[in-house]
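For reference, the structure is listed below as structure tokens.
Residue numbers (the working numbering): 8 to 173.
Encoded structure:
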């Protein structure tokens, strides 16, 4: 578990739900909110395809967890977790359509000395990004693993997300 107390954290789901698997980040945060209790220190945001308009929401965080579709050359529906120092390299590679906006936001936060102390990216390699609001079968099958990766990332920093009571 991380040694620092988390007072302010954001789980940011990004993606375009009109492009099949591209909206996986948004779908993941929707599912987390529907099925699990959210701790008081965690704000869950559907960032869609937003960018600089998220700047204020992401300032001075203890933890930022980003759920997104990522292209990292792995088989479709692979779940990828990147933490802290791995994240700048992730954004330089431009493996997500939102990265231009998100990399600008993170760079601005860094320059203004308001960057999150910890950043985790939980991504899913897309199978299909054609125009369709339904996820592909491979990515739909990877959702439980990706959701667990988000919960594990939050738990590493002391943010528990127990299942909602039936």
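By construction, the Cβ of each residue, glycine as well, lies at the ideal position given by its N, Cα and C atoms.
Asked: For residue 168, which three-state DSSP category applies?; Found: coil
Asked: Comparing the C-beta of residue 41 with each C-beta of chain C, is any distance below 8 angstroms?; Found: Checking the listed chains, one finds no chain C in this structure; it contains a single protein chain.
Asked: Thinking residue 49 and residue 138 are a contact (beta carbons under 8 angstroms), I'd like their distance in whole angstroms, please.; Found: No, residue 49 and residue 138 are not in contact; Cβ-Cβ is about 32 angstroms, not under 8 angstroms.
Asked: Across which residues does DSSP place residue 73 in a beta bridge pair?; Found: 19 and 128
Asked: With H, G and I counted as helix, E and B as strand and the rest as coil, what does DSSP make of residue 79?; Found: coil
Asked: Report the option in 51, 85, 31 and 148 whose CA atom is closest to the CA atom of residue 168.; Found: 51
Asked: Under three-state DSSP, which class holds residue 49?; Found: strand
Asked: Taking the straight line between their C-alpha atoms, what separation do you get for residue 133 and residue 148?; Found: 12 angstroms
Asked: When you compare the CB positions of residue 69 and residue 114, do they come within less than 8 angstroms of one another, or not?; Found: no
Asked: Can at least three beta-carbon pairs, one atom from the region 124-133 and one from the region 142-161, be found at a separation below 8 angstroms?; Found: yes
Asked: I'd like the span of the alpha helix (DSSP H) that includes residue 39, first residue to last.; Found: 31-42
Asked: Rounded to whole angstroms, what is the Cα-Cα separation between residue 28 and residue 142?; Found: 5 angstroms
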